[in-house]
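Numbering (this note's numbering), first residue to last: 195 to 442. What follows is one structure encoded as structure tokens, with my remarks underneath.
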């Protein structure tokens, strides 16, 4: 079976995933790296003299506007066919967003991935807990009805340190109690449980049978505290990009 490639170019890292059908073969992530570095590495591993372009198809999305043309050219050098996910790319959901051109492409991909995991005909809450936290909703009739963006856990802790004179710089790892018993645990508890409270609140605004799908690099800091069922997939954006491939 032919290989496919999905690429998510974020603010602080580029992530690439190799697929054989729906099976995830490999994931690479590099902080502050160029797309060309990752695709060259993957081409060296999966390519051959007989097939210098090892991927039959690639799907690319980016939240970074600068350098997109160069990045797409790099992807085209390793894939026979390349699709760039944008707001007007054919997809099975309708974007009811006032400014669809400004909607993060990774948010679109995450919703598509969540829809594929949860099944069609279900209302969804999709939470991506990373550098920022995004909360997005999909109605049971496949309308992307909107979402919100909030600071991520690390960003909250960094802001508390940067914008005060007394609060220290602390790590995200460590106790995050309901009520802190020292400055570090009070800050961490406020950041982690603040995200938890947001997640619970947005879930409460949706139908009782809505499905919550969670992803993101900081999700593990929150998921053990979530009091309701959810689906977790660390590669949700890539899974959504893979599903874009089948829509054309």
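Here a beta-carbon is modelled for each residue, glycine too, at the ideal position from N, C-alpha and C.
Judged by DSSP secondary structure, residue 356 falls outside any beta strand (DSSP E) and instead within the alpha helix (DSSP H) spanning 347-356. With a beta-carbon spacing of about 11 Å, residue 329 and residue 394 fall beyond the 8 Å limit used to define contacts. At the C-beta level, residue 225 and residue 206 come within 8 Å of one another. Listed in chain order, the beta strand (DSSP E) elements of length 3 or more contained wholly in the segment 249-288 are 249-256 and 273-278. In this structure, the CA atom of residue 403 is about 20 Å from the CA atom of residue 304. Rounded to the nearest whole angstrom, the CA to CA distance from residue 318 to residue 216 is 22 Å.
For residue 240, the three-state secondary structure derived from DSSP is helix.
In this chain, the alpha helix (DSSP H) harbouring residue 398 covers 377-398.
If the five residues before and after residue 248 are omitted, its C-beta is found closer than 7 Å to the C-beta atoms of 197, 237, 240, 241 and 272, all from its own chain and listed in chain order.
For residue 430, the secondary structure class from DSSP, reduced to helix, strand or coil, is helix.
By the beta-carbon neighbour count (other beta carbons within 10 angstroms, threshold 16), residue 359 is exposed. Of all alpha-carbon atoms in 311, 270, 352 and 422, the one lying nearest the alpha-carbon of residue 428 is that of 311. Taking the Cα of residue 298 as reference, the smallest distance to any Cα among 316, 314, 279 and 286 is reached at 279.
For residue 198, the three-state secondary structure derived from DSSP is strand.
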